[in-house]
């Protein structure tokens, strides 16, 4: 006879007891702001706090700010005996032991930083870390658009495109925390040059930056002088993905072309994800998705052109639900995910 | 206090007891042959048996042949009280409940077949099923080139290209058993038309069929009349990937071009796998890999051109180790993987 007891907090199999610690601190590091929260196991958040990252002051400064933010959160909570750990989401790759090993170019001096040791030492609490979009995917899985499904992939359409993967109900970080670089999947052979060195990466077309760049490029080349084209020509630097989607709403012909290009490339990357992982659900989030259902509809329409139809038929593509707080909630959720508590 | 006991046979944590059933039957269904084996938990195989599939006689006939093959294996073993279940690997997608829901075009009448109920009914044994390459990946993970790593992806370069995925030490089948269609990842925009309906799928370039097709195409177009080109022109239908690699050994210039094209496309699909999943190891197997290290070397050389270099640096690309028996061993391994025993 062999005992088989699975420890799976996310399946809700564990009953809380009075003595159980049920709060986690989440920290989400962005290029502009550092966010912190104290979160309950069911996703309820309190003391949400935001401070400037001041990335230009270097890695040690960021780490000091994180420590101060945790101090402040514990002060706000008033007591720390219910806090079972600290989770940190950061841009870049985070190795098993919590060292940032690369991929965080907009944070000078951040590569090489050991994230967890200082937190553990200062607070005597367990600590966990992951890529910020990996954390975001975890939050969507537990508290947002991924609830109730076993396999889901999250694409965060922001300045770039980040990815997060939850498979068989568990967060998948990959070896050395490097999985989910879905924005750098090549969707157009010899396509637009990407900052990563490759050409034709999905994020060159489907991120906020990519969409604005394509709008500028089309406005330069087109003979149709639509309202969007005039706006671009007036002040190309001011164009954002939001501008483009404001004109999509007005059925601007060139805006619609930009939208179709972005959606086509997103459908291609979703098709690759489908053929590789056949998830139940792909969740699109990030700033670009403030445009909402119009992107989902076009990606869904094009998806069967880019993977097995049998898989496309069984894969839902939906909007993220947690918006701006997904990152910080996911960071806190890492604690419940990874630690005995 | 919460008890945390993980049941992980593949980590070897479970000690055998005298009363424990430790044998599994594996069945590997191919277009030409059905293979069966009785396997111990450590991968030791006995009574390996092969019978013709006779695919043209339809799905019910195949199922009857599988039943007869299992009967024969149990007879050979002499007793069944140590057998804890039957695992079946089949082409196509196999749903949770063991129904073939598509993707097995070379087996007419196979789609819709319920694989497990007849086996359970006839033998009173637990039964499990999976896609054949998924099973192969499991065998490589447990007994072959994937031993000792946590995350691995297997590509079987045969008539097509199949894929199998083991993540965080567990077989990943995807929703509805449809994950791992890695041969149909598009690696060339508007590339060669694939049987699946897409264009530019990896298997159009890197499978045995793809390599032979490219050799024929190059022989038709080239002005270099090398020995390979003469061989193709003499009898195009006789060319296989083995022919091509025999000429690669002789440094035939056109054979080397075919090899470079195939390796480039394999490197692209490996790059996508790296960026998405960042596995510890990618294992290349199947008939094409009888050519061996020459393909590995070229794919490894090209990989950093197709994903983050930090990921490429940390991903090993190696040859499969179990050759022709990986499928049937993996089918048997499904039993140990999926069932309490």
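Residue numbers (the working numbering), protein chains in the order written: chain D, 24 to 364; chain L, 24 to 364. C-beta atoms are modelled at their ideal positions from N, C-alpha and C, and glycine is treated no differently. All of these numbers come straight from a predicted model, not from anything done at the bench.
Check, Outcome
"Contact set between the region 181-202 of chain L and chain D, restricted to residues whose Cβ is under 9 Å from the partner", "186, 188, 190, 191, 193, 195, 196, 197, 198, 199, 200, 201 and 202"
"Contact set between residue 298 of chain D and chain L, taken where Cβ atoms lie within less than 8 Å", "204, 205, 207 and 208"
"Nonlocal neighbours in the same chain, by C-beta distance under 7 Å from residue 44 of chain D, ignoring five residues either side", "105, 106, 107 and 364"
"DSSP three-state assignment for residue 350 of chain L, whether helix, strand or coil", "helix"
"Cutoff 8 Å; reference residue 90 of chain D; Cβ partners in own chain excluding five residues on either side", "141, 142 and 145"
"Alpha-carbon spacing of residue 50 of chain D relative to residue 100 of chain L, whole angstroms", "59 Å"
"Members of the region 318-342 of chain L that neighbour chain D once the beta carbon cut-off is set at 8 Å", "328, 329, 330, 331, 332, 333, 334, 337 and 338"
"Beta carbon proximity, residue 264 of chain D to chain L, threshold 7 Å", "no"
"is_contact[residue 286 of chain D, chain L] using C-beta, thresh 7 Å", "no"
"Enclosing beta strand (DSSP E) for residue 50 of chain D [first to last residue]", "46-52"
"Residue 52 of chain L vs residue 113 of chain L beta-carbon contact at 7 Å", "yes"
"Outcome for residue 125 of chain L when other beta-carbon atoms lying within 10 angstroms are tallied against a minimum of 16", "buried"
"Neighbourhood of residue 298 of chain L by C-beta, 6 Å cutoff - its chain only, sequence neighbours within 5 removed", "330"
"Residue(s) in a DSSP beta bridge with residue 58 of chain D", "D:51 and D:73"
"Within 7 Å, strictly: CB atoms of residue 293 of chain D and residue 305 of chain D", "yes"
"Contacting residues, own chain, Cβ-Cβ under 7 Å from residue 241 of chain D (five flanking each side not counted)", "277, 280 and 281"
"Residue 180 of chain D vs residue 288 of chain D beta-carbon contact at 7 Å", "no"
"Closest residue to residue 119 of chain L among L:309, L:171, L:109 and L:154 (Cα-Cα distance)", "L:154"
"8 Å Cβ shell around residue 161 of chain D - same chain, five flanking residues per side excluded", "153, 187, 189, 194, 353, 356, 357 and 360"
"Whole-angstrom distance between residue 332 of chain L and residue 134 of chain D, CA atom to CA atom", "15 Å"
"Contacts of residue 212 of chain L in chain D (Cβ-Cβ under 7 Å)", "211 and 212"
"For residue 323 of chain D, the first and last residue of its enclosing alpha helix (DSSP H)", "316-325"
"Cβ pair count under 8 Å reaching 3, the region 332-344 of chain D against the region 197-212 of chain D", "no"
"Secondary structure of residue 154 of chain L, DSSP reduced to three states", "strand"
"Rounded Cβ spacing between residue 58 of chain D and residue 351 of chain D (contact assumed at less than 8 Å)", "4 Å"
"Status (buried if at least 16 other CB within 10 Å, exposed otherwise) for residue 275 of chain L", "buried"
"Residue closest to residue 314 of chain L, alpha-carbon to alpha-carbon, out of L:323, L:291, L:300 and L:342", "L:342"
"8 Å contact criterion, which residue 86 of chain L and residue 61 of chain L should meet: CB distance rounded", "Contact doesn't hold; Cβ gap of about 20 Å is too wide."
"Contact under 7 Å by Cβ, residue 243 of chain D with residue 233 of chain D", "no"
"DSSP state of residue 240 of chain L mapped onto helix, strand, coil", "helix"
"Terminal residues of the alpha helix (DSSP H) in which residue 97 of chain D lies", "82-100"
"Residue interval of the beta strand (DSSP E) (run including residue 106 of chain L)", "106-113"
"Environment of residue 168 of chain L [buried if 16+ CB atoms lie within 10 Å]", "buried"
"Cross-strand partners of residue 216 of chain D (DSSP beta bridge)", "D:222"
"Closer than 7 Å to chain L by CB, residue 174 of chain D", "yes"
"Spatially closest choice to residue 149 of chain D from D:164, D:48 and D:175, by CA coordinates", "D:48"
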